[in-house]
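Chemist:
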Amino acid sequence: MTVATGRALRNRRSIPWAAVPCRPIAAFRSGVIDAVGAGARLVSLFGLADGDRETRLVAVLADDARGELDATSARVEERYPALTPECPQAHVFEREVAEQCAVTPEGHPWLKPLRRHPPDHLPSGRSVPPVDREDYPFFRIDGDELHEVGVGPVHAGIIEPGHFRFHAHGERVLFLEIVLGYQHRGVERLLETLTPVRAMLVAESIAGDTVIGHAEAWCGALEALGRVHKSPRAQAVRAAALELERLAAHIGDLGAMAGDIAYAPAAATFGRLRGDCLNLLLTLSGNRYGRGLVRPGGVAFDVTAEMAAAMVDVLTRVAAEFARAADDCFSAESVQARYEGVGVVPSDVCRDLGLVGAAARACGFARDVRSDHPWGAFRYAHIPIATAAAGDVAARAVLRRLEVERSLEFLIEQIRALPRGVARADAGGPLAPEELAVALVEGWRGEIAHVVLTDERGAIRRAKIKDPSFHNWSALAAAMPGNTISDFPLCNKSFNLSYAGHDL
Amino acid sequence: MLKMLRDRWLGGTRTLRFPNGPAEFPERFRGRPTLDRSRCGDDCRDCAARMPSTMLRLGPHGPALDLGAALFSPDEAAACPHGAIAYTRDHRMATGSRGGLVTPTGEVELARALEGRARRLFGRSLKLRSVVAGSCGGCEAELVALGNVVFDLARFGIQFVASPRHADGIIVTGTVNPNMRLALEKTYEAVPDPRLVIAVGACAIGGGPFADSPESAGGVPDGIPVDLWVPGCPPHPLTVLDGLLRLLGRIETGTRGPRARAGE
């Protein structure tokens, strides 16, 4: 990697803010572009107010092969030359910087509002005109035989709000523009300003189906800054909860995909098995999504011996029922015919956009935070990574099936042999002042990244949250051209991206 | 095909007997909160300050619980050092008014059945349109779960429909942020009269964990009158179902009781 801080930044190991180099914008720009060109991945790119008028751009890069992270930064005023033309991975990040900090990345090829809100990380000495939230410059294609189909933000089912605009020739989609921001709640400012106990509940509400994943990332960053050490038991319970969340989501999505192609038996069985997984989280934490479980220092609820035995029984039954239903589903010709060749994400698109999670693994990229940047129990117990090559709906479905099977094995093994130790260590210490921590988690959608920077008093100066959906919404837009509009629900479900996680 | 039928046979019936059978929850389930004033110290202000929500209200007549502001977090109960705040395993807490969610003990008067024409129109067939307006997606996940074979909402004649023109009412989730305000108002206006409005979850009731954000309107705005308030973060599917069935007169009204009348 070409940009170096001198001190190793790793997943959940903080470094002094002073150790993050502040380089001239040209050097920052070429440093990031060269690193990504050499195989690094852009984990985060964001701005924070630095003085009265300036914005500090911070880039966090990952070297997945070596399990290392790196951070670099530059100071800019109202504009700077965009990275995106030479580094497409930066494309959504730079739109976000433009919106949050009112800094223009000049030469950005698709500089449109991302979430449609007034800047919330503006330097104190700057002011900008009010933002018209309804003013969005839609992409247009002209032609007598073309038509546009607009869907949302209110959808024909129970679906989070988003707007999809298809440009179609007959049924064939030429282009899909996805407009988000309807779930924007101002999460980052809340995390930066609320008391710790309240911020924790906001962190659990970044994406309602990824409560454990985001709580784990938030606590990971705070624990690094607070020098908190968790017991092996706490780490194991957290890992188990994360895998339960993955199970519930993957099984539920396999059911929803089956529902979209009217394969009712799998939809019914998977829907029920998803509930079994959620109910295990309920037994453990008192909430079906695991709210209240993950707290700085460990977990607020321990697994009792009876609970562990009962959980293993349920998981063993779920494994058997899942295997039967998945065999039926994936061997049915009608299912194969509907899944194969639909919604293909080409592997070069996956690489250029820096996709993460199952969506990337379905394109052949063996990318998984659990093995690339392992933390907690994942440092000792490895889950083998599954990949598929085709990048279509079938690949994403098969991959999720494999991940369900492997998570079930991992869970049964972990819960049978939970290490000893206290569930929760004392987490009372203050955060180290002027330090930067990065916490990565492999959530069920892919890499979650929380970057937390403290000020000179140890208060949170900047909290940068990235849900995997932030990267992967671009994959859905890239997968649609050439498919029919009627394939959209299936294609969409095969990713099942979070609107809330993107919109923050 | 034969395998599929065999598995279907082996699978048996998985739908809950609710509301005819009991609703069972594990020991740690955080249902309706309670406040035991006899345990209160004289430092309620400190408890309120430690709270991650505004669930604890301090009034001239002493402390009270606002279930609409509750986030059902263990940190809320932990905020009182005397153990005056606790969560019961009672899932029932949907009310017909916002004020009904604020009580000195945590016991609430549960929602009453619709009357007259509305009951005749909606009692056996209720079609709802879901409007998500600035949420985390948690409440929606539970609304989706209501449609699975375990809860099977459709057996009560309740369905989510694809157009407000087909709907008898809307279910609102989320804080109602500026980006969804217009869409919510338009959807509400598009539902023919008489129409119901159901606010589900802490966000739609009062902004939930996002209440202090400039991007939150603090829940369903005044211009949209709410008929049913369902607390939770997110509410358990049975909490939502209990509220809906009470509204439709399919479960008996009562503030508390062991459970819904058997055979109802």
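Those protein sequence lines, which keep their order, are chains A and B. According to the working numbering, the residues represented by the first sequence are 1 to 504, in order. According to the working numbering, the residues represented by the second sequence are 1001 to 1264, in order. Beta carbons are placed, not taken as given, at the ideal position from N, Cα and C, and that holds for glycine.
With distance defined between alpha-carbon atoms, name the residue in LEU114/A, GLY37/A, ALA203/A, ARG396/A nearest to VAL451/A.
Modeler: Mapped onto the first sequence, residue 451/A falls at position 451. Nearest C-alpha to VAL451/A: ALA203/A.
Chemist: At 7 Å on the CB atoms, spell out the chain B contacts of GLY505/A, in chain order.
Modeler: For chain A, the structure presents residues 1 to 504; residue 505/A sits outside this window and is missing.
Chemist: Below 8 Å on the Cβ atoms is my guess for ILE385/A versus ARG361/A; work out the distance and round it to an integer in Å.
Modeler: Position 385 of the first sequence holds residue 385/A. Position 361 of the first sequence holds residue 361/A. Sure, about 7 Å apart at Cβ, within 8 Å.
Chemist: Which residue from ASP253/A, LEU278/A, ILE212/A, TYR380/A puts its Cα closest to that of PHE270/A?
Modeler: The residue you call residue 270/A lines up with position 270 of the first sequence. When each option's Cα is compared against that of PHE270/A, the closest is ASP253/A.
Chemist: Please name the residue, chosen from ALA224/A, GLY213/A, ASP132/A, VAL58/A, that lies closest to ARG238/A on a Cα-to-Cα basis.
Modeler: The residue you call residue 238/A lines up with position 238 of the first sequence. Of ALA224/A, GLY213/A, ASP132/A, VAL58/A, the residue nearest in Cα terms is GLY213/A.
Chemist: With a threshold of 9 Å between beta carbons, is LYS1003/B in contact with chain A?
Modeler: Start at 1 with the first residue of the second sequence, and residue 1003/B comes out as number 3. It does; some Cβ of chain A falls within 9 Å.
Chemist: Is it the case that the Cβ atoms of HIS108/A and THR72/A are separated by a distance below 9 Å?
Modeler: What you label residue 108/A is simply residue 108 of the first sequence in a count that begins at 1. What you label residue 72/A is simply residue 72 of the first sequence in a count that begins at 1. For HIS108/A and THR72/A, no; Cβs fall outside 9 Å.
Chemist: Let me see if you follow: with CB-CB separation under 9 Å, is ILE448/A close to chain B or not?
Modeler: Taking the first residue of the first sequence as position 1, residue 448/A is located at position 448. So no, ILE448/A is outside the interface.
Chemist: Is the CB of GLY1223/B under 9 Å away from at least one CB in chain A?
Modeler: If you number the second sequence from 1, residue 1223/B lands on position 223. With 9 Å as the cut-off, GLY1223/B does not count as an interface residue toward chain A.
Chemist: So does the stretch 287-307 of chain A actually touch the stretch 400-410 of chain A, counting three or more Cβ pairs closer than 8 Å?
Modeler: The stretch 287-307 of chain A is not in contact with the stretch 400-410 of chain A.
Chemist: Give me, in chain order, the residues of the same chain whose beta-carbon lies closer than 6 Å to that of ARG56/A; leave out the 5 immediate sequence neighbours on both sides.
Modeler: Locating residue 56/A in the first sequence gives position 56, where the first residue counts as 1. Excluding residues within five positions, the ones whose Cβ falls inside 6 Å are LEU48, ASP50, SER73, ARG75.
Chemist: Determine the extent of the alpha helix (DSSP H) in which GLN336/A is found, giving its start and end residues.
Modeler: Numbered from its first residue, the first sequence carries residue 336/A at position 336. Per DSSP, GLN336/A belongs to the alpha helix (DSSP H) from 333-339.
Chemist: If I'm right that LEU1058/B touches ALA1048/B with Cβ under 8 Å, what's the distance once you round it to whole angstroms?
Modeler: Along the second sequence, read from residue 1 onward, the residue named residue 1058/B stands at position 58. Along the second sequence, read from residue 1 onward, the residue named residue 1048/B stands at position 48. Contact holds; Cβ gap of about 6 Å.
Chemist: When you compare the CB positions of VAL1102/B and LEU1065/B, do they come within less than 9 Å of one another, or not?
Modeler: As a working note, residue 1102/B is residue 102 in the second sequence. As a working note, residue 1065/B is residue 65 in the second sequence. Against a cut-off of 9 Å, the Cβ pair of LEU1065/B and VAL1102/B comes out as a contact.
Chemist: Within the chosen definition, does the stretch 1183-1203 of chain B reach the stretch 1164-1172 of chain B through at least 3 CB pairs nearer than 8 Å?
Modeler: Verdict: yes, contact present.
Chemist: Is it a yes or a no for the stretch 326-336 of chain A touching the stretch 254-263 of chain A, going by three-plus beta-carbon pairs under 8 Å?
Modeler: Because the criterion of three Cβ pairs below 8 Å is met, the stretch 326-336 of chain A and the stretch 254-263 of chain A touch.
Chemist: Would GLY67/A and PRO468/A qualify as a contact pair, given that the criterion is a beta-carbon distance under 9 Å?
Modeler: The residue labelled residue 67/A in the question sits at position 67 within the first sequence. The residue labelled residue 468/A in the question sits at position 468 within the first sequence. No. Outside cutoff.
Chemist: Residues of chain B with CB closer than 9 Å to the CB of LEU282/A, please, in chain order.
Modeler: Here residue 282/A refers to the residue found at position 282 when the first sequence is read from its first residue. Going along chain B in sequence order, the residues near LEU282/A (Cβ under 9 Å) are PHE1025, PRO1026, ARG1028, PHE1029, HIS1236.
Chemist: Quick check on ARG1155/B: buried or exposed, where buried means 16 or more other Cβ atoms within 10 Å of its Cβ?
Modeler: Against the second sequence, residue 1155/B aligns to sequence position 155. Classification of ARG1155/B: exposed, given that the 10 Å Cβ count is below 16.
Chemist: Do we get a CB-CB distance below 9 Å when we pair LEU278/A with the residues of chain B?
Modeler: Counting from one through the first sequence, the residue named residue 278/A turns up at place 278. Output row for LEU278/A: interface = yes.
Chemist: Below 7 Å on C-beta distance, what does ARG1098/B contact in chain D?
Modeler: Of the chains in the structure shown, none is chain D; the protein chains are A and B.
Chemist: Our contact map puts TYR289/A next to GLY208/A with C-beta atoms below 8 Å; I'd like the distance itself, whole angstroms only.
Modeler: Locating residue 289/A in the first sequence gives position 289, where the first residue counts as 1. Locating residue 208/A in the first sequence gives position 208, where the first residue counts as 1. About 6 Å; that satisfies the 8 Å criterion.
Chemist: In its own chain, which residues sit with a C-beta less than 8 Å from the C-beta of CYS1071/B, not counting the 5 before and 5 after it?
Modeler: As a working mapping, residue 1071/B is identified with position 71 in the second sequence. The amino acid at residue 1071/B is misidentified as Cys; the sequence shows Leu. Taken in chain order, the residues that qualify are PRO1052, SER1053, MET1055, ALA1202, GLY1208, PRO1209, CYS1233.
Chemist: With 9 Å as the threshold, decide whether the Cβ of PRO1192/B is near any Cβ in chain A.
Modeler: Position 192 of the second sequence, counted from the first residue, corresponds to residue 1192/B. Answer no: the Cβ-Cβ gap between PRO1192/B and chain A never drops below 9 Å.
Chemist: Over what stretch of residues does the alpha helix (DSSP H) that includes VAL1230/B continue unbroken?
Modeler: For the purposes of this step, residue 1230/B is taken as the residue at position 230 of the second sequence. Where VAL1230/B is concerned, there is no enclosing alpha helix (DSSP H), although the beta strand (DSSP E) it sits in stretches over 1228-1230.
Chemist: Does at least one heavy atom of the ligand ZN sit under 8 Å from the Cβ of ASN483/A?
Modeler: The ligand ZN is not part of the structure shown, which contains no ligands of any sort.
Chemist: Within the same chain, show all residues whose beta-carbon is closer than 8 Å to that of PRO130/A, passing over the 5 residues directly before and after it, in chain order.
Modeler: Taking the first sequence and counting its residues from 1, one reaches residue 130/A at position 130. PRO118.
Chemist: Per DSSP, what are the beta-bridge partners of VAL179/A in this structure?
Modeler: Counted from its first residue, the first sequence places residue 179/A at position 179. Answer is HIS163/A, bridged to VAL179/A.
Chemist: For LYS464/A, collect the residues of the same chain with a Cβ closer than 6 Å to its Cβ; drop the 5 residues on either side in sequence, then sort them by chain order.
Modeler: Numbered from its first residue, the first sequence carries residue 464/A at position 464. Correct list, in chain order: SER44, PHE46, VAL451.
Chemist: GLY31/A and ARG41/A - do their beta-carbons sit closer together than 9 Å?
Modeler: Sequence index remark: in the first sequence, residue 41/A carries index 41 (1-based). Sequence index remark: in the first sequence, residue 31/A carries index 31 (1-based). Going by C-beta atoms, ARG41/A is not nearer than 9 Å to GLY31/A.
Chemist: Report the residues of the stretch 1169-1180 of chain B with a CB closer than 7 Å to any CB of chain A, ordered along the chain.
Modeler: Within the stretch 1169-1180 of chain B, the qualifying residues are THR1175, ASN1177, PRO1178, ASN1179, MET1180.
Chemist: Going along the stretch 137-166 of chain A in order, which residues come within less than 9 Å of chain B, judged by CB to CB distance?
Modeler: If the cut-off is 9 Å between Cβ atoms, the stretch 137-166 of chain A has GLY152, PRO153, VAL154, HIS155, ALA156, GLY157, ILE158, ILE159, GLU160, PRO161 near chain B.
Chemist: Suppose only complete runs of 4+ residues qualify. What are the alpha helix (DSSP H) ranges in the stretch 231-280 of chain A, listed by chain order?
Modeler: The stretch 231-280 of chain A contains these whole alpha helix (DSSP H) runs: 232-260.
Chemist: Compare the beta carbon distance of SER1135/B and ALA1204/B with 9 Å and say whether it is the shorter of the two.
Modeler: Numbered from its first residue, the second sequence carries residue 1135/B at position 135. Numbered from its first residue, the second sequence carries residue 1204/B at position 204. Contact: yes.
Chemist: Checking contacts by CB at 9 Å: is ILE251/A closer than that to chain B?
Modeler: Sequence index remark: in the first sequence, residue 251/A carries index 251 (1-based). Chain B contact via Cβ: absent.
Chemist: So, using beta-carbon positions, are GLY446/A and GLY357/A closer together than 9 Å?
Modeler: For the purposes of this step, residue 446/A is taken as residue 446 along the first sequence, with counting starting at 1. For the purposes of this step, residue 357/A is taken as residue 357 along the first sequence, with counting starting at 1. Result yes, Cβ atoms of GLY446/A and GLY357/A sit closer than 9 Å.
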